[in-house]
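**Student:** Numbering (my numbering), first residue to last: 72 to 624.
1) From the DSSP output, in three-state form, read off residue 515 for me.
2) Does the beta-carbon of residue 86 have 16 or more other beta-carbons within 10 angstroms, so that it is buried, or is it exposed?
3) Counting Cβ pairs, one atom from each stretch, are 3 or more of them under 8 Å apart for the segment 130-140 and the segment 98-109?
4) How far does the alpha helix (DSSP H) with residue 104 in it extend, from its first residue to its last?
5) How would you label residue 250, buried or exposed, when you count the other beta carbons within 10 angstroms and need 16 or more for buried?
6) In chain order, what residues of the same chain have a beta carbon less than 6 Å from the beta carbon of residue 273, not counting five sequence neighbours either side?
7) Quick check: the Cα distance between residue 246 and residue 221, rounded to an integer number of angstroms?
8) Taking C-alpha atoms, which residue in 283, 419, 430 lies nearest to residue 448?
9) In the DSSP assignment, find the alpha helix (DSSP H) that holds residue 438 and state where it starts and stops.
10) What is the rounded straight-line gap between the Cα of residue 453 and the Cα of residue 117?
11) State the DSSP-derived secondary structure class of residue 304, mapped to helix, strand or coil.
12) Give me the Cα-Cα distance between residue 161 and residue 210, rounded to the nearest whole angstrom.
13) Among 305, 275, 344, 283, whose alpha-carbon lies nearest the alpha-carbon of residue 315?
14) Pick helix, strand or coil for residue 503, following the three-state DSSP scheme.
15) CA-CA distance, residue 174 and residue 184?
16) For residue 78 and residue 337, I'd like the C-alpha separation in whole angstroms.
17) For residue 530, does the count of other Cβ atoms within 10 angstroms reach 16, so buried, or fall short, so exposed?
18) Mind checking who residue 332 pairs with in its DSSP beta bridge?
19) Give me the Cβ distance between residue 426 and residue 435, rounded to the nearest whole Å; I'm assuming they're in contact under 8 Å.
20) Which word fits residue 482, buried or exposed, when buried means at least 16 other C-beta atoms lie within 10 angstroms of its C-beta?
21) Which value, in whole angstroms, describes the spacing of the CA atoms of residue 234 and residue 90?
22) Report the option in 155, 365, 239, 363 whose CA atom is closest to the CA atom of residue 198.
23) Alpha carbon to alpha carbon, how far is residue 506 from residue 171?
24) So, do the segment 149-167 and the segment 453-463 have three or more beta carbon pairs nearer to each other than 8 Å?
25) List the endpoints of the continuous beta strand (DSSP E) containing residue 142.
26) Is the segment 367-382 touching the segment 518-532 in the sense that three or more CB pairs, one from each, lie closer than 8 Å?
27) Helix, strand or coil, according to DSSP, for residue 446 in the structure here?
28) Kindly indicate which residue of 534, 539, 477, 499 has the alpha-carbon position closest to the one of residue 516.
29) Determine the DSSP secondary structure at residue 415, reduced to helix, strand or coil.
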């Protein structure tokens, strides 16, 4: 009997496209009174702009067109999410025209071809719950031609041999309070969705309508996976969420067939799914995945880590999290149906997106140009990011454990250089993305070495780390921190901790004494200042206002 070899999913998210996010395309949200009247204009470097020879193309003149500011949960600002962007336009048809330019030009065939050439096998595509017009009276969601462009992407993917895994990225009432849910709330929470039965039922109806439309349009040959709901927050009613997943699973299986892959968010707490009754039926839960998202940039403590510590944290904690679920009963027998998948990760490490974004939007309002638009990455930083990506890929495939199906990078492309570390296509073009194995059956570990090999290949150069915002401005007691005491590492030793003992897997290497002292001081400060706790998400945060506009690479 031949051993069945796993075929790895090595994917990329098409983020900020059919569900807009302001940090991905800030110019699309920097609307003026001209935009609201239907007199469209674009900014230099705007990723969603038509080509310059297009009849509609013109640059924005801020002497004639004035920035449109509105009341948001963060005070007076440009529209900050899809909800407020829809509210900003007096006429829905004008808003649809503005967004259709974005759907048309932000993702091109050349982009998808480059993803294929980079070795990508799958595309994860966030979809809004209103994509087929599911909205109630008074809701400002703008539908536009999103579905048409989703169909176009599926056609391109079919042509290039890529598989498409859409997910329902938003929910009525917001499942997390983040802008990626469509509506930013004052505080991160799932209660606006999970405590409202009508909203939960609307989400189930969306799953049914979208999967039925996929089949009706003949897309089910290329759409081989489906996500039920992106990133519900920790405070979701657990019973409601589990019931929703069971019903959603039945809907997708009934409309798209038993062969389709289904993935479900772990609520930022994968270990909580080791609860003694889930995932037992190998028939029901075959081809089902628990989806985790790993980021080290959304809390101050990890942003302060050295390059080697970032890699080491991935190799120990994130790898351990990945293989720590799912078992039945708890921690004893691995489940017979569900697998793991990492639906989002990036190499962003030290610049908090919401903080940088404030500077960017202020810059656009002041002079019509996004701050850091032309930011480049130094060779030393690129070298670190390549090793950081290698470590994450090896950890998330978890080849030795046999429980993970693979990963999706967040995200395909970004507007400008401020968030270059999130930009997969930029990494591919500039050469700091690690080469992806062309054989889907070959573990990436065979290309890059083990995760612990990668730790010691990483140059621990603190000169490439630049925290933003200044950590002295941040509330250390916020909910975001993710580092706990078992991330404490030396610059020359393994991170692997078993039964409370540190294991030396590599020979001790010479370390300059001053770096060792600095490391000890930093680590002690970490432990003293906070009771560390588990990682949450790439979610948005409530950090204090940024006192500086300087960001470096």
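The beta-carbon is built from N, C-alpha and C at its ideal position, and this holds for glycine as well.
**Tutor:** This is what the structure holds:
1) Translated into positions along the chain shown, residue 515 becomes position 444. Three-state DSSP puts residue 515 in coil, outside helix and strand.
2) Translated into positions along the chain shown, residue 86 becomes position 15. Per the 10 Å Cβ criterion, buried.
3) yes
4) Indexing the chain shown from 1 puts residue 104 at position 33. Unbroken alpha helix (DSSP H) run through residue 104: 104-107.
5) Here residue 250 refers to the residue found at position 179 of the chain shown. Under this definition residue 250 is a buried residue.
6) Numbered from its first residue, the chain shown carries residue 273 at position 202. Correct list, in chain order: 243.
7) Along the chain shown, read from residue 1 onward, the residue named residue 246 stands at position 175. Along the chain shown, read from residue 1 onward, the residue named residue 221 stands at position 150. C-alpha separation (whole angstroms): 23 Å.
8) Walking along the chain shown from the start, residue 448 turns up at place 377. Measuring from the Cα of residue 448, the nearest candidate turns out to be 419.
9) Translated into the one-based positions of the chain shown, residue 438 becomes position 367. 424-438 is the span of the alpha helix (DSSP H), which, as asked, contains residue 438.
10) Taking the first residue of the chain shown as position 1, residue 453 is located at position 382. Taking the first residue of the chain shown as position 1, residue 117 is located at position 46. The straight-line gap from Cα to Cα measures roughly 24 Å.
11) Counting from one through the chain shown, the residue named residue 304 turns up at place 233. Looking at residue 304 - three-state DSSP - the assignment turns out to be coil, as it is neither helix nor strand.
12) Start at 1 with the first residue of the chain shown, and residue 161 comes out as number 90. Start at 1 with the first residue of the chain shown, and residue 210 comes out as number 139. Cα-Cα distance, rounded: 13 Å.
13) The sequence position of residue 315 within the chain shown is 244, counting from 1. Looking at the Cα atoms, 275 is the closest of the given residues.
14) One-based indexing of the chain shown puts residue 503 at position 432. Three-state result, residue 503: coil.
15) In the chain shown, the residue the question calls residue 174 occupies position 103. In the chain shown, the residue the question calls residue 184 occupies position 113. Answer to the nearest angstrom: the Cα atoms are 17 Å apart.
16) Here residue 78 is taken as the residue at index 7 of the chain shown, counted from 1. Here residue 337 is taken as the residue at index 266 of the chain shown, counted from 1. If you take the alpha carbons of residue 78 and residue 337, they lie about 23 Å apart.
17) As a first step, residue 530 must be located in the chain shown, where it is residue number 459. It is exposed - the Cβ of residue 530 has fewer than 16 other Cβ atoms within 10 Å.
18) Walking along the chain shown from the start, residue 332 turns up at place 261. Per DSSP, 296.
19) Start at 1 with the first residue of the chain shown, and residue 426 comes out as number 355. Start at 1 with the first residue of the chain shown, and residue 435 comes out as number 364. Not confirmed; about 16 Å, so no contact.
20) As a position in the chain shown, residue 482 is number 411, starting the count at 1. Residue 482 comes out buried.
21) Here residue 234 refers to the residue found at position 163 of the chain shown. Here residue 90 refers to the residue found at position 19 of the chain shown. Whole-angstrom Cα-Cα distance: 19 Å.
22) Sequence index remark: in the chain shown, residue 198 carries index 127 (1-based). Ranking 155, 365, 239, 363 by Cα distance to residue 198 puts 239 first.
23) Residue mapping note: residue 506 aligns to position 435 of the chain shown, counting from 1. Residue mapping note: residue 171 aligns to position 100 of the chain shown, counting from 1. Computed Cα separation, rounded: 34 Å.
24) no
25) Position 71 of the chain shown, counted from the start, is the residue given in the question as residue 142. Its beta strand (DSSP E) spans residues 141-143.
26) yes
27) Here the question's residue 446 lines up with position 375 in the chain shown. If DSSP states are grouped into helix, strand and coil, residue 446 belongs with coil.
28) Taking the chain shown and counting its residues from 1, the one referred to as residue 516 is at position 445. Looking at the Cα atoms, 477 is the closest of the given residues.
29) Taking the chain shown and counting its residues from 1, one reaches residue 415 at position 344. Strand at residue 415.
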